[in-house]
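Following: one structure in structure tokens, then a few remarks.
Numbering (this note's numbering), first residue to last: 6 to 140.
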């Protein structure tokens, strides 16, 4: 559980990483996000977590840096900026650098005359597999 936010509990992101290669080196990783999708990027969240774990194990110190490479070869770089405490727990402040690209823009609105401004739900009429109606 998060030390200050009880709404953050459980596992929603899993990182699979090759063994740590050392300070300043590149480490490949894969990040799986709920409900089971592989993230294409090296992820700042995953790199921040990895820096925190390596720091807690005494393998990295303030000022040390490393690079994460995703399954596609894209990279994020990170370094440990400082040590802090979150509640009573030791923590770090990471600095992360990387690139991202806009893949879409959307705009949602509700017409003031819409009789269903909160939407509506239809029952599932196709069964569990979608094939039940064909038997």
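All C-beta atoms, glycine included, are put in the ideal place defined by N, C-alpha and C.
Anticipated Cβ contact below 8 angstroms, residue i with residue j, distance rounded
| i | j | result |
| --- | --- | --- |
| residue 29 | residue 61 | In fact, because the Cβ distance is near 19 angstroms, the residues do not count as touching under 8 angstroms. |
| residue 38 | residue 17 | 7 angstroms |
| residue 3 | residue 103 | Missing from the structure shown is residue 3; the chain here goes from 6 to 140 and no further. |
| residue 80 | residue 72 | 5 angstroms |
Residue burial classification, residue i (beta-carbon count within 10 angstroms, cutoff 16)
| i | result |
| --- | --- |
| residue 34 | buried |
| residue 85 | buried |
| residue 59 | buried |
| residue 121 | exposed |
| residue 13 | exposed |
| residue 40 | exposed |
| residue 83 | buried |
| residue 51 | buried |
| residue 45 | exposed |
| residue 127 | exposed |
| residue 24 | exposed |
Contact check, residue i vs residue j, beta carbons under 8 angstroms
| i | j | result |
| --- | --- | --- |
| residue 4 | residue 94 | The structure shown does not extend to residue 4, since the chain is modelled only from 6 to 140, so the question has no answer here. |
| residue 49 | residue 101 | yes |
| residue 36 | residue 20 | yes |
| residue 56 | residue 65 | yes |
8 angstroms Cβ cutoff, residue i in contact with chain D
| i | result |
| --- | --- |
| residue 58 | Note that chain D does not occur in the displayed structure, where there is just one protein chain. |
**Request:** Could you pull out every unbroken alpha helix (DSSP H) segment of at least 4 residues lying fully inside the stretch 19-66, listed in chain order?
**Result:** 49-61
**Message:** As an exercise, report each continuous beta strand (DSSP E) stretch of at least 3 residues that is fully enclosed by the stretch 61-101, in chain order.
**Reply:** 70-74 and 80-91
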